[in-house]
Amino acid sequence: MDIEKIISDVKEKFNIKYNEAQDLDSLEEVRVKFLGKNGKIKQLYGKMASIPDEQKPILGKELNKVKEEINNKLQEKKDKLAAEKKKRQLEAERIDVTLPGHKIKKGSQHPLSIVTSELEEIFIAMGFKIAVGPEVEDEYYNFKALNIPEDHPARDLQDTLYLDDLFLLRTHTSPVQVRTMENTSPPIKIIAPGRVYRADELDASHSPVFHQLEGLVVDENITFGDLKGTIQIMVEQIFGQNHSVRFRPSYFPFTEPSAEVDVSCIVCGGEGCSLCSYTGWLEIMGSGLVHPRVLKMSGINPQEYSGFAFGMGIDRITLLKYGIDDIRLLQENDRRFLQQFK
Ligand code: PHE
Numbered sequence: 014m015d016i017e018k019i020i021s022d023v024k025e026k027f028n029i030k031y032n033e034a035q036d037l038d039s040l041e042e043v044r045v046k047f048l049g050k051n052g053k054i055k056q057l058y059g060k061m062a063s064i065p066d067e068q069k070p071i072l073g074k075e076l077n078k079v080k081e082e083i084n085n086k087l088q089e090k091k092d093k094l095a096a097e098k099k100k101r102q103l104e105a106e107r108i109d110v111t112l113p114g115h116k117i118k119k120g121s122q123h124p125l126s127i128v129t130s131e132l133e134e135i136f137i138a139m140g141f142k143i144a145v146g147p148e149v150e151d152e153y154y155n156f157k158a159l160n161i162p163e164d165h166p167a168r169d170l171q172d173t174l175y176l177d178d179l180f181l182l183r184t185h186t187s188p189v190q191v192r193t194m195e196n197t198s199p200p201i202k203i204i205a206p207g208r209v210y211r212a213d214e215l216d217a218s219h220s221p222v223f224h225q226l227e228g229l230v231v232d233e234n235i236t237f238g239d240l241k242g243t244i245q246i247m248v249e250q251i252f253g254q255n256h257s258v259r260f261r262p263s264y265f266p267f268t269e270p271s272a273e274v275d276v277s278c279i280v281c282g283g284e285g286c287s288l289c290s291y292t293g294w295l296e297i298m299g300s301g302l303v304h305p306r307v308l309k310m311s312g313i314n315p316q317e318y319s320g321f322a323f324g325m326g327i328d329r330i331t332l333l334k335y336g337i338d339d340i341r342l343l344q345e346n347d348r349r350f351l352q353q354f355k
């Protein structure tokens with residue numbers, strides 16, 4: 014057996030494959046091919062049994078040498094390839110820490126949320142607490158307990174969205190007055206902002222869903238003067254000092270006396286323009302002293318206590334405050350519109 018030839022053959026074959034291998038995976042393939050369990054070197058060791066005794070130590074020694082040589086060369090190239098790979102990776106993932114960061118776009122609050130929070134803060138500063146009630150109501154809370162008679166037009170299918178014989182979507186936030194009086198004893202001083210529903214077609218000034226803010230104060234000796242003072246402060250704070258307020262006699266079944274509140278026109282200041290239909294005034298809420306019958310139905314003694322209540326449209330106040338001429342803009346969520354309220 015020509016040991017020298019065998020050894021130089023395997024070296025030559027190895028070198029060819031070794032030089033071909035240009036990445037870690039193919040280098041590993043070369044290692045398996047030569048040094049693996051069924052690799053070329055193992056196979057040559059296998060020849061040991063079939064050669065003359067005197068050749069055995071020579072072949073053993075040569076194979077050990079070759080094995081070590083191959084091992085060293087593989088390790089060397091592996092280190093080199095690994096280092097190159099790492100370098101390429103670092104290069105590719107290089108970060109320029111001096112580049113300016115990505116700008117995060119800040120969202121803005123919806124104008125209705127802005128106005129609701131402002132109103133809440135104005136009333137909280139005057140000592141009011143916030144109350145909530147369900148949007149799905151029944152006839153008792155929405156109508157009956159508010160002294161609204163059976164045959165009142167508001168109860169009509171045309172005006173109210175009924176869910177079934179018993180339940181309806183509240184048409185105003187006034188049922189929260191009743192719910193509050195039922196489970197709190199005076200003094201009561203609450204506001205109740207929230208969504209209300211009416212069977213209206215959507216157009217520039219009507220929407221089947223809109224928002225109201227209810228107010229209720231019940232205590233000993235509450236007078237119309239308390240109502241006027243409270244509303245005066247609210248109007249000054251939300252629209253600015255230079256607006257006058259007027260109370261115009263009106264009618265609501267749940268208040269007596271009742272008044273509608275007007276604010277001097279925010280466009281013309283009272284001169285008369287198309288926004289105020291040339292009256293100089295804009296109506297912003299209904300109000301009055303709580304009807305004794307309403308107090309009584311909710312378990313409050315009208316002999317002992319009196320109260321005032323008001324209800325305003327938050328959407329309407331928002332439109333007036335920002336000079337928006339179409340209520341639909343408050344619902345469409347067009348970002349070009351919303352982004353203007355920062
Ligand atoms: N609930 C009335 C409405 O929706 C407003 C109102 C509230 C009037 C409280 C008087 C007192 O029109």
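The numbering used here puts the sequence shown at residues 14 to 355.
The C-beta atom is built at its ideal place from N, Cα and C for all residues, glycine as well.
- Give, in chain order, every unbroken run of the beta strand (DSSP E) that is at least 3 residues long and sits entirely within the segment 245–273. The beta strand (DSSP E) runs of length 3 or more contained entirely in the segment 245–273 are, from start to end of the chain, 258–265.
- Taking C-alpha atoms, which residue in S287, Q250, G238 lies nearest to S271? G238
- Between A138 and E131, what straight-line distance do the alpha-carbon atoms span, to the nearest angstrom? 11 Å
- Query: Quick one: what's M298 bridged to in DSSP?
  - Reply: V274, M325
- May I have the straight-line CA-CA distance separating Y221 from I127, to the nearest angstrom? Looking at the sequence provided, one finds Pro at residue 221 rather than Tyr. The alpha-carbon separation between P221 and I127 amounts to approximately 21 Å.
- If we ignore side chains and look at the alpha-carbon of each, how far apart do S63 and E25 end up? 24 Å
- Those runs of the alpha helix (DSSP H) which lie wholly inside the segment 126–205 and span at least 4 residues: Correct list: 152–155, 188–196.
- Message: Considering only the alpha carbon of each residue, which of K53, E17, Y175 lies closest to K30?
- Response: When each option's Cα is compared against that of K30, the closest is K53.
- Could you pull out every residue in the same chain whose Cβ sits closer than 6 Å to the Cβ of V189, ignoring the five residues on either side in sequence? The residues are A144, G146, A205, E227.
- Integer Cβ distance of V231 from I244, believed to fall under 8 Å: Not confirmed; about 17 Å, so no contact.
- Query: So the beta strand (DSSP E) E231 belongs to, where does it begin and stop?
  - Reply: Looking at the sequence itself, residue 231 is Val, so the reference to Glu does not match. Counting along the chain, the beta strand (DSSP E) containing V231 begins and ends at 222–232.
- Query: Beta carbon of H185: closer than 7 Å to some heavy atom of ligand 1?
  - Reply: Distances taken from the Cβ of H185 to the heavy atoms of ligand 1 include one shorter than 7 Å.
- Item | Distance between K100 and K80 (C-alpha atoms, nearest Å) | 30 Å
- Query: Sorry if obvious, but does the Cβ on F136 come closer than 7 Å to a heavy atom of ligand 1?
  - Reply: no
- Tell me whether G324 counts as near ligand 1, meaning its Cβ is closer than 7 Å to at least one heavy atom of that ligand. yes
- Within this structure, are the beta carbons of A212 and L176 separated by less than 8 Å? At the C-beta level, A212 and L176 stay beyond 8 Å of one another.
- Query: Taking the C-alpha atoms as reference points, what is the distance between E67 and M61?
  - Reply: 11 Å
- Contact check, C281 vs L295, beta carbons under 8 Å: no
- Message: Can you tell me whether A105 is buried or exposed? The criterion is at least 16 other CB atoms within 10 Å of its CB, across all chains shown.
- Response: exposed
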